[in-house]
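What follows is a set of notes on a single structure, which appears directly below.
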Amino acid sequence: AIQDYHEMEQVFADHDMWPLMDNPALRQESYDKYLCAKISKGSTSCKIWDVSHEYDRIVMGVPRLYRTIRPLCNALGKIIALPKIPASGDSIKIWSLFDLVLPEGESPVPLLRTANNMALKAKVDYLVVSVDLAQGSHMLAAGRGALASLDFHLFISDLEGKQAVKSPTYYDIRYL
59 AIQDYHEMEQ
69 VFADHDMWPL
79 MDNPALRQES
89 YDKYLCAKIS
99 KGSTSCKIWD
109 VSHEYDRIVM
119 GVPRLYRTIR
129 PLCNALGKII
139 ALPKIPASGD
149 SIKIWSLFDL
159 VLPEGESPVP
169 LLRTANNMAL
179 KAKVDYLVVS
189 VDLAQGSHML
199 AAGRGALASL
209 DFHLFISDLE
219 GKQAVKSPTY
229 YDIRYL
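So the number in the numbering used here is just where the residue sits in the sequence shown, counting from 1, plus 58.
Rendered as structure tokens:
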């Protein structure tokens with residue numbers, strides 16, 4: 059865990075690594091519990107975080123359009139690759155990809171395909187990939203090639219005012 063963190067400090071040297079987890083034993087415990095896999099394809103790499111054995115994610119509501127097309131989409135999904143549309147009350151399994159190393163000019167597609175295939179085998183419903191907009195448009199372009207993706211902004215702020223957060227900020231799934 060410590061070596062991984064130091065590697066990411068080098069890769070994301072221009073990013074604010076806030077919040078810094080300064081308890082090596084706690085960091086290692088988190089890795090042991092939640093780190094599902096490390097994937098490398100060429101010079102790209104990522105890690106997969108899985109907290110599904112700790113708590114359930116329950117769908118609280120589904121937009122009307124998705125409720126309407128859900129039966130057809132889920133039936134066709136048994137024949138062709140389509141995303142699962144959950145119903146209200148369903149439990150969903152999510153993996154989060156983090157520590158994405160994507161050197162300039164490298165395509166993330168082989169890495170994402172590998173993660174997707176692993177997720178399908180493990181019956182994971184959704185892969186969540188969070189990238190800084192400054193990290194490169196090639197990752198965003200790969201996401202838009204997916205059948206479905208969500209663009210959203212994640213804001214990070216120190217509520218106690220102890221540490222100024224500078225941009226770009228390194229997104230670390232371990233803190234959520």
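All residues carry an ideal CB built from backbone N, CA and C; glycine is no exception.
When you compare only the Cα positions, how much space is there between residue i and residue j?
i    : j    : result
L84  : W153 : 21 Å
Y92  : I116 : 19 Å
L123 : Y184 : 19 Å
L169 : I97  : 7 Å
H64  : C104 : 15 Å
V187 : D157 : 10 Å
P121 : I143 : 10 Å
I137 : L178 : 14 Å
C94  : Q86  : 13 Å
P161 : D90  : 27 Å
G2   : N174 : Here the chain comprises residues numbered 59 to 234, so residue 2 is not present and cannot be evaluated.
K151 : Q68  : 31 Å
D148 : N81  : 36 Å
I106 : N132 : 26 Å
V109 : S88  : 10 Å
Need the endpoints of the alpha helix (DSSP H) that residue i sits in, please.
i    : result
L170 : 167-179
S88  : 82-92
P129 : 122-134
With a 10 Å radius around its C-beta and 16 neighbouring C-beta atoms as the bar for buried, classify residue i as buried or exposed.
i    : result
V182 : buried
T126 : exposed
P129 : exposed
A145 : exposed
P166 : buried
L134 : exposed
What does DSSP give as the partner residues of residue i in its beta bridges?
i    : result
L155 : I106, V187
S149 : I116
A95  : I106
Quick one: grab the DSSP three-state call for residue i.
i    : result
A139 : coil
L160 : coil
H111 : coil
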